[in-house]
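Trainee:
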Amino acid sequence: MAKKAAYMGMFTALAFVFSYLEFLIPINLGIPGVKLGLANLVTIVALYTMGIKEACMLSLARIVLNSFTFGNPAAMLYSLAGGFLSLLAMAVAQKIKLFSVTGVSVLGGVFHNLGQILAAALVVENAKLLYYFPVLVLSGTLAGTVIGILAAMVIKRLDKQMHD
38 MAKKAAYMGM FTALAFVFSY LEFLIPINLG IPGVKLGLAN LVTIVALYTM
88 GIKEACMLSL ARIVLNSFTF GNPAAMLYSL AGGFLSLLAM AVAQKIKLFS
138 VTGVSVLGGV FHNLGQILAA ALVVENAKLL YYFPVLVLSG TLAGTVIGIL
188 AAMVIKRLDK QMHD
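Using the working numbering, you'd call the opening residue of the sequence shown number 38 and step up by one each time.
Written out as structure tokens, the structure reads:
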């Protein structure tokens, strides 16, 4: 139990630091909302090494901490929508064992973007925002691939240590 709490604390701190790094070094490709999703690396590692409940708690803690530290409470709505949909898609994909870690990460990236664009369309009451989704699918796929490759390497090394 103490080991699990220590890992949760470490994962939460690491996700927070990764989010801070993304806040400091924004990716400006002329496409608003595009991010690498470094904090999602930690969520994927938690999903595979600890389980869905812990990954969900980690994701929620990260979103709340980041929203109050770097953003604003209004931005939290978009992050929660993206985070929830992303985690749901990743948990289902991991459970059915049809995808590699990288595939699960790509789904997470795409569904995170879908959750955020749906939330934005509902808030501003304009479905035309959904025309932007193909761009977000591409960015989610690219970012998800990079994060998934890194996550697979971390999981391989960390899994043995966590279950000793």
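The beta-carbon is built from N, C-alpha and C at its ideal position, and this holds for glycine as well.
As the structure is a prediction and not an experimental result, all values here were calculated from the model.
Check for me: the alpha helix (DSSP H) holding Gly140 runs from which residue to which?
Mentor: Per DSSP, Gly140 belongs to the alpha helix (DSSP H) from Val138 to Val161.
Trainee: Quick check on DSSP: helix, strand or coil for Leu73?
Mentor: The answer is coil: DSSP assigns Leu73 none of H, G, I, E or B.
Trainee: Just to confirm before moving on: does the CB-CB distance between Val71 and Ala52 stay below 8 angstroms?
Mentor: No; because the gap between Cβ atoms is not below 8 angstroms, this pair is not in contact.
Trainee: Could you spell out the range, first to last residue, of the alpha helix (DSSP H) harbouring Asn103?
Mentor: Where Asn103 is concerned, the enclosing alpha helix (DSSP H) stretches over Ile89 to Thr106.
Trainee: Does the beta-carbon of Arg99 have 16 or more other beta-carbons within 10 angstroms, so that it is buried, or is it exposed?
Mentor: Arg99 should be labelled buried.
Trainee: Spell out a yes or no on whether the region 137 to 147 and the region 105 to 114 are touching, meaning 3 or more CB-CB pairs, one atom from each, closer than 8 angstroms.
Mentor: Segments in contact, no.
Trainee: Going by C-alpha to C-alpha distance, which of Pro63, Gly177, Gln131 and Leu97 sits closest to Phe48?
Mentor: Closest option to Phe48, Cα to Cα, is Leu97.
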